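Student: Residue numbers (the numbering used here): 2 to 187.
Don't be surprised by glycine CBs; every beta carbon is placed ideally from N, CA and C.
Note that the coordinates shown come from a computational prediction; the quantities given were computed from them, not determined experimentally.
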């Protein structure tokens, strides 16, 4: 199915290295270049598929409306729902993900990570278990990011955790599903 879309839309499809700020990206045709979609290579098969369909929904929305509609507006949501349907019919998702995606499709968000229920369901199938989600560690625990900075976890403020950077004293807010490394010897 995805191969058919790549061929039909003459899309350059790239599997990219991990990007911390996004799971995938769509670029509309510009200066003689065609559609471009990239998806991170570190996603599990289900997250990869959901992200790929998400980006192809952007492509279809652009083809239909150019830049005249919101990136995650009603038109995109309808395209995303329609493009996910064949994968449900193929029964490729485990029951828990199928159920969660069905609920998510009632009103899809700009990112699958924005919907914590969907993000948790997808993360259950990750093979990289060297990291811990910040929601799983206790308040006042010290953790580190991949770049080496160390933080002390604080209380939850609305949807995010307020954390103190031990390197510079600044306060940062972390999403519950942020992947961190438990610090040792601090």
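Looking only at C-alpha atoms, which of 172, 59 and 50 sits nearest to residue 93?
Tutor: Taking the first residue of the chain shown as 1, we reach residue 93 at position 92. If we check each option's Cα against that of residue 93, 50 comes out closest.
Student: What's the C-alpha gap between residue 166 and residue 119?
Tutor: Your numbering for residue 166 matches position 165 in the chain shown. Your numbering for residue 119 matches position 118 in the chain shown. Taking the straight line from one Cα to the other gives about 29 Å.
Student: Which residues mark the beginning and the end of the beta strand (DSSP E) in which residue 41 is found?
Tutor: Here residue 41 refers to the residue found at position 40 of the chain shown. That run of the beta strand (DSSP E) goes 37-41.
Student: By how many angstroms is the C-alpha of residue 154 removed from the C-alpha of residue 142?
Tutor: Taking the first residue of the chain shown as 1, we reach residue 142 at position 141. Taking the first residue of the chain shown as 1, we reach residue 154 at position 153. The alpha-carbon atoms of residue 142 and residue 154 are separated by roughly 6 Å.
Student: Following the continuous alpha helix (DSSP H) through residue 8, name the residue where it begins and the one where it ends.
Tutor: Taking the chain shown and counting its residues from 1, the one referred to as residue 8 is at position 7. Segment 3-9, the alpha helix (DSSP H) holding residue 8.
Student: To the nearest angstrom, how far is it from the Cα of residue 150 to the Cα of residue 9?
Tutor: Looking up residue 150 in the chain shown gives position 149. Looking up residue 9 in the chain shown gives position 8. The straight-line gap from Cα to Cα measures roughly 45 Å.
Student: Does the separation of the CB atoms of residue 76 and residue 25 fall below 8 Å?
Tutor: Sequence index remark: in the chain shown, residue 76 carries index 75 (1-based). Sequence index remark: in the chain shown, residue 25 carries index 24 (1-based). No.
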